[in-house]
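Below is one structure, written out as structure tokens, with a few remarks after it.
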Amino acid sequence: MIQFAAAVDKAKSDDVLTYAMDQLTDLYVGSNKWKELATMWQRYYSTHKSNDDLALKAILWISRANIKEGKVEEAKKLLAEHIKTRIPIVANQQVEGLIQQLVTITAPKRRRAVSAPPPPADGEKPATAAPAPAPELTFEDVEKQLEDLLTPPQAAMNGTAQMRILFAKAWLAKTMKLPDKAEKYLNIIIEVAKPDDLSPMLLNIVGDNARKKGDLEKATGCYIRLRDFFKDSEFSDGAPVGLAEIAFEKGDYDKALELFRDALNNYPGSSHVLDATQGEAKTLVKLKKYDEAKKLFEQISNTKEWRGHATANALRMLGEIEALNGKHAAAIAYFQRVFIAHQKWKDEMAQAYLLCAKSFIALSEREKAKATLEEMVKRTDLKVQPEVKEAEKLLTTL
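Heads up: the sequence shown begins at 18 in my numbering, then just goes up one per residue.
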């Protein structure tokens, strides 16, 4: 810690200073040295006010230190002051981070239920009940507070500021565990936002959500702007992956493969490495390059850091590759691994059950296919999966 503190004081280049401060920040956080952390970032802010992104990075850390020291109102005031003056500036990439921090400390904490006093023993006076807690703030109460904290003067209000305020409301709803409200605000952003009004983070979020909802035109516009105007953004790696997914959905597999590989090769340290690897692998399957696809899905299934849904998906796809090659016994082994060992992932389970039955049918083992489908349709945890209807229909033929 002493060495990094000295490096911060003596750094002669921005690269050295950034590295030393990042290391020292981690050490201060790990040691709960919030006062020292705030002092370091306050000094940094004083010398980097002219660079908005760097200045707001400092404000974010100063506010975090204030929160940890119990100075929540001070942190709230600091965050609101700096957000309000920059909320209309689309190129400022730190604003959303400050908004998320402000939402976190503005949202009410969940209260524990107050337990009733125990019944009195014979001859004793009843215990005094605890005073009733103050009424909890509603979402609408906090939403109004947040809007007041974020809204700039009318002269500064523009499309970018409006979209960021909507994003803040969506994040508030998510923080307060109100998914329907969060989706409502996100849908409004997707519907009314122009790509030119969106910051890099919002271009990524709106692009991904618009694509998943089938609005490929809006998604494409977001990804192209992210790619062309914010190449140095930490969110820019989402553009080639998003455009690749759109090409895949349109059946342009050669283009999709090119874009997935672009994401893997030209965005080192990307947060979308798994998405791009999965995308490349599934595209190779569509192009009937099964050996190449198999290697990638094996890599995914064996990578510890990717364990979870990606593992189940990779095993199911390995089964599909075997089935496409006519190796149904090998395919069945993969499918069974999915619905036996990866039951958390219902979408993959349902697909694996159905594909397993189809492979049994291909091997003329109709009784095993029937047993597999009967087991599948009896499972209450799979009832909402679309494959169940197909399974029920297939059962009537066996």
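Cβ coordinates follow ideal geometry from the N, Cα and C atoms, glycine included.
All values reported here derive from a predicted model rather than from experimental measurement.
Spatial distance of residue i from residue j (CA atoms)
i: T123; j: A75; result: 20 Å
i: G114; j: K344; result: 50 Å
i: I207; j: F247; result: 20 Å
i: D43; j: K101; result: 28 Å
i: Y202; j: G224; result: 15 Å
i: D271; j: Y370; result: 30 Å
i: A244; j: P257; result: In the sequence under discussion, the amino acid at residue 244 is Arg, which differs from the Ala named in the question. Answer to the nearest angstrom: the Cα atoms are 7 Å apart.
i: A82; j: K88; result: 9 Å
i: N319; j: N330; result: 12 Å
i: T56; j: G296; result: 45 Å
i: K198; j: L41; result: 39 Å
i: D249; j: A346; result: 48 Å
i: E98; j: K126; result: 23 Å
i: Y45; j: E275; result: 43 Å
i: L73; j: Y62; result: 8 Å
i: W188; j: K211; result: 20 Å
i: A388; j: K321; result: 33 Å
i: M218; j: V290; result: 18 Å
i: Y284; j: L390; result: 43 Å
i: N109; j: E392; result: 54 Å
i: I191; j: L163; result: Just to set this straight, residue 191 is Lys in the shown sequence, not Ile. Cα to Cα, K191 sits roughly 14 Å from L163.
i: Q402; j: L195; result: 24 Å
i: T414; j: K406; result: 13 Å
i: D32; j: S67; result: 17 Å
i: E91; j: I79; result: 10 Å
i: M174; j: F184; result: 15 Å
i: L166; j: F156; result: 15 Å
i: G231; j: K363; result: 22 Å
i: L34; j: H65; result: 12 Å
i: V302; j: A348; result: 15 Å
i: W323; j: V355; result: 15 Å
i: L399; j: L233; result: 29 Å
Distance CB(residue i)-CB(residue j) smaller than 8 Å
i: Y307; j: L332; result: no
i: H359; j: T397; result: no
i: A374; j: I338; result: no
i: L341; j: F314; result: no
i: L154; j: Q118; result: no
i: S58; j: K85; result: What sits at residue 58 in the sequence shown is Trp, not Ser. In this structure, K85 does not lie closer than 8 Å to W58 by Cβ.
i: T177; j: P105; result: yes
i: L372; j: V394; result: no
i: I205; j: R228; result: no
i: F103; j: D69; result: It is worth fixing the name first, because residue 103 is Arg in this sequence and not Phe. For R103 and D69, yes; Cβs fall inside 8 Å.
i: S287; j: A298; result: no
i: N16; j: F252; result: Here the chain comprises residues numbered 18 to 415, so residue 16 is not present and cannot be evaluated.
i: K236; j: G259; result: The question names Lys, but residue 236 is Ala in the sequence shown. Yes; because the gap between Cβ atoms is below 8 Å, this pair is in contact.
i: R181; j: I116; result: yes
i: Q368; j: E404; result: yes
i: S216; j: V112; result: yes
i: T294; j: A273; result: no
Run of the alpha helix (DSSP H) containing residue i, from where it starts to where it stops
i: L41; result: D31 to G47
i: H99; result: V89 to R103
i: F247; result: No alpha helix (DSSP H) contains F247, which DSSP labels as neither H nor E.
i: Y202; result: P196 to V209
i: H65; result: Looking at the DSSP string, H65 is not in any alpha helix (DSSP H), and its letter there is neither H nor E.
i: R354; result: H345 to A358
i: K50; result: Counting along the chain, K50 falls outside any alpha helix (DSSP H), and DSSP gives it neither H nor E.
i: K311; result: Y307 to N319
i: S376; result: K363 to A379
i: P217; result: P217 to K229
i: Q179; result: G176 to T192
i: A331; result: H326 to L341
i: E391; result: R383 to K395
i: I122; result: V112 to T123
i: E404; result: E404 to L412
i: E439; result: Since the first residue shown for the chain is 18 and the last is 415, residue 439 is missing from the structure and cannot be characterised.
Local Cβ density within 10 Å of residue i, reported as buried at 16 or more and exposed below that
i: G255; result: buried
i: S30; result: exposed
i: I19; result: exposed
i: A172; result: exposed
i: A149; result: Only weak support is given to the placement of A149: the predicted model assigns it a pLDDT of 48, under 50, and the value that follows is read from those uncertain coordinates. A149 should be labelled exposed.
i: E409; result: exposed
i: K13; result: Outside the modelled stretch of the chain, which goes from 18 to 415, sits residue 13, for which no answer is possible.
i: S381; result: exposed
i: A23; result: exposed
i: D26; result: exposed
i: A37; result: buried
i: I317; result: buried
i: K93; result: buried
i: V107; result: buried
i: D213; result: exposed
*asked:* Ignoring anything shorter than 4 residues, give me the alpha helix (DSSP H) runs that lie fully in the segment 244 to 294, in order along the chain.
replied: 255 to 266 and 270 to 283
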